[in-house]
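Undergrad: I'd like to ask some things about the structure below.
Structure representation (structure tokens):
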């Protein structure tokens, strides 16, 4: 597997479960290629992690190109491949958001529809992902049309007065007789939220207002909510009940205005639902572990589901809560991405790594026996890499200093590969916190202080 693909794929997005394949990331020092067949472990909120590592890969490839001219062509090739994977993931996320939105709307539809399944990564190439996008686009258009038809039928089935029911029947005939909606085949729009002609010069109306009313409602029915449609039908019946032109004009103007306002409300619901779909996609791993969520976080997720189904609006308080929860998920994803890469570097140094829940891991070495181990945790990009030992264990100091050096080197390799990391803390060393300790810096810290004094003349 090439460097570009490995780096871009090293944290698969939220639509990807733990892959059955092995990945071979190349996150060694500049110019060196490290190959590893260690199986990849997917992280929570991995969409953010994938983006995080993809950007890191681009930074790392840029540093390779700057440091070694001979690797410029290879770095450019890997960069292009990394960008291709990044774009492929972005296209998949767009479609998965549409699928999530259709699922949410289907829960409110009188006749549920079946959206296509979300994308699941299982070793596909970028070409196969592009093919999936093309196939699912046609399926999404079909499902969206089915859902639109189901919502129209539901709107026309709502209880209204007898005279409004007559209006419904007329609108239904217009909708059934017109061509199916689609790009370039929209109903004519003569005014806000409607089809049909506006009053002519001088405010003169046709003698029969029914065609105008029918066009207004037929143009609005697929683009407004069911409650608004019921209200418009009652107002339309009032328009048709007027005898005089002046009275009819006043009611018709009100019908145009209310149809426009209904469309604005529906457009806001759609925009809110699209935002909710994006948040729910990013927070899907959190939703899959409800035991780890607080009551407030569960409430936020449930409210977003209601917004997705267009049963409530996305008010400022919910928007703020969703953004805060997403920030938590993104930070956790980035920490998990760093953990995965940090674990890989330790394995390349001969350590055994047991990746645990969250961002923690236990590290051992065959030379340590059963008396020593290290507990590593990553939070907000910063490392806590504490060395643990039993009271009777020998050589603890030597192994502690060696562990600090190796942990720092592993972190430094991540920095060189473009992964931005925070500080490294190792409990038990006098010069803590340890940060960016290379070989020269490490040797300087171990030199006795008296050796730094000038020799007497």
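Residue numbers (mature numbering (1 follows the signal peptide of the UniProt record, and there is no 0)): -37 to -1, 1 to 420. The beta-carbon is built from N, C-alpha and C at its ideal position, and this holds for glycine as well.
Just checking my contact of residue 271 with residue 63 at CB under 8 Å: how many whole Å lie between their CB atoms?
TA: The residue you call residue 271 lines up with position 308 of the chain shown. The residue you call residue 63 lines up with position 100 of the chain shown. Contact flag correct, Cβ pair sits at about 7 Å.
Undergrad: Report all residues from its chain with a CB closer than 7 Å to the CB of residue 89; omit the five preceding and five following residues, and keep chain order.
TA: Stepping through the chain shown from its first residue, residue 89 is reached at position 126. 47, 48 and 51, listed in sequence order.
Undergrad: Between the C-alpha atoms of residue -26 and residue 66, what's the straight-line distance to the nearest angstrom?
TA: As a first step, residue -26 must be located in the chain shown, where it is residue number 12. As a first step, residue 66 must be located in the chain shown, where it is residue number 103. Any reading at residue -26 needs caution, since the residue's pLDDT is 37, under 50, leaving its predicted position unreliable; the model's value is listed next. Distance between the alpha carbons of residue -26 and residue 66 is about 23 Å.
Undergrad: Quick check on residue 382: does DSSP put it in helix, strand or coil?
TA: To locate residue 382, count along the chain shown from 1; it is residue 419. Residue state, collapsed to three classes: coil.
Undergrad: Rounded to whole angstroms, how far is the Cβ of residue 328 from the Cβ of residue 313, which I believe are closer than 8 Å?
TA: On the chain shown, position 365 is the one that residue 328 refers to. On the chain shown, position 350 is the one that residue 313 refers to. Right, the Cβ-Cβ distance comes to about 7 Å (below 8 Å), so this counts as a contact.
Undergrad: In three-state DSSP terms, what is residue 121?
TA: Working through the chain shown from its first residue, we reach residue 121 at position 158. In this structure, residue 121 counts as coil in the three-state DSSP scheme.
Undergrad: With the cut-off set at 8 Å, would you say residue 218 and residue 203 are in Cβ contact?
TA: As a first step, residue 218 is located in the chain shown; it is residue number 255 there, counting from the start. As a first step, residue 203 is located in the chain shown; it is residue number 240 there, counting from the start. The answer is no: Cβ separation not under 8 Å.
Undergrad: Have a look at the DSSP bridge pairing and note the partners of residue 339.
TA: Here residue 339 is taken as the residue at index 376 of the chain shown, counted from 1. In the DSSP output, where bridge partners are listed per residue, residue 339 has 324 and 348.
Undergrad: Can you grab the Cα-Cα spacing for the pair residue 151 / residue 182, in whole Å?
TA: Position 188 of the chain shown holds residue 151. Position 219 of the chain shown holds residue 182. Confidence at residue 151 is low in this model, with a pLDDT of 42, below 50, so its placement is unreliable and the value that follows should be read with caution. Looking at the two C-alpha atoms, the distance is approximately 7 Å.
Undergrad: Touch check for the region 372 to 390 and the region 301 to 308: three-plus C-beta pairs under 8 Å?
TA: Yes: the two stretches touch, three or more of their Cβ pairs being nearer than 8 Å.
Undergrad: Rounded to whole angstroms, what's the CA-CA distance from residue 393 to residue 337? Just pull it up for me.
TA: For the purposes of this step, residue 393 is taken as residue 430 along the chain shown, with counting starting at 1. For the purposes of this step, residue 337 is taken as residue 374 along the chain shown, with counting starting at 1. Below a pLDDT of 50, predicted positions are generally treated as unreliable, and residue 393, at 49, falls in that range; no measurement from the model is reported.
Undergrad: Since residue 335 and residue 350 are thought to touch, with beta carbons under 8 Å apart, how far apart are those beta carbons, to the nearest angstrom?
TA: Along the chain shown, one-based indexing puts residue 335 at 372. Along the chain shown, one-based indexing puts residue 350 at 387. At roughly 7 Å, the Cβ-Cβ gap stays under 8 Å, so residue 335 and residue 350 are in contact.
Undergrad: Three-state secondary structure (DSSP) at residue 131?
TA: Sequence index remark: in the chain shown, residue 131 carries index 168 (1-based). In the structure shown, residue 131 sits in a helix (DSSP, three-state: H, G or I).
Undergrad: Going straight from the alpha carbon of residue 341 to that of residue 184, what length do you get?
TA: Against the chain shown, residue 341 aligns to sequence position 378. Against the chain shown, residue 184 aligns to sequence position 221. Distance between the alpha carbons of residue 341 and residue 184 is about 53 Å.
Undergrad: Which two residues bound the contiguous beta strand (DSSP E) that contains residue 316?
TA: Reading the chain shown from its first residue, position 353 is the one you call residue 316. Where residue 316 is concerned, the enclosing beta strand (DSSP E) stretches over 315 to 318.
Undergrad: Is residue 387 helix, strand or coil by DSSP?
TA: For this step, residue 387 is matched to residue 424 along the chain shown. Residue state, collapsed to three classes: strand.
Undergrad: Check this for me: beta carbons of residue 133 and residue 186, under 8 Å apart or not?
TA: One-based indexing of the chain shown puts residue 133 at position 170. One-based indexing of the chain shown puts residue 186 at position 223. No, the Cβ-Cβ distance between residue 133 and residue 186 is not below 8 Å.
Undergrad: Using 8 Å as the Cβ pair cut-off and three pairs as the minimum, do the region 210 to 226 and the region 259 to 275 touch?
TA: They do not touch, by the three-pair rule.
Undergrad: Just the Cα atoms here: how many angstroms apart are residue 177 and residue 232?
TA: Taking the chain shown and counting its residues from 1, one reaches residue 177 at position 214. Taking the chain shown and counting its residues from 1, one reaches residue 232 at position 269. Computed Cα separation, rounded: 25 Å.
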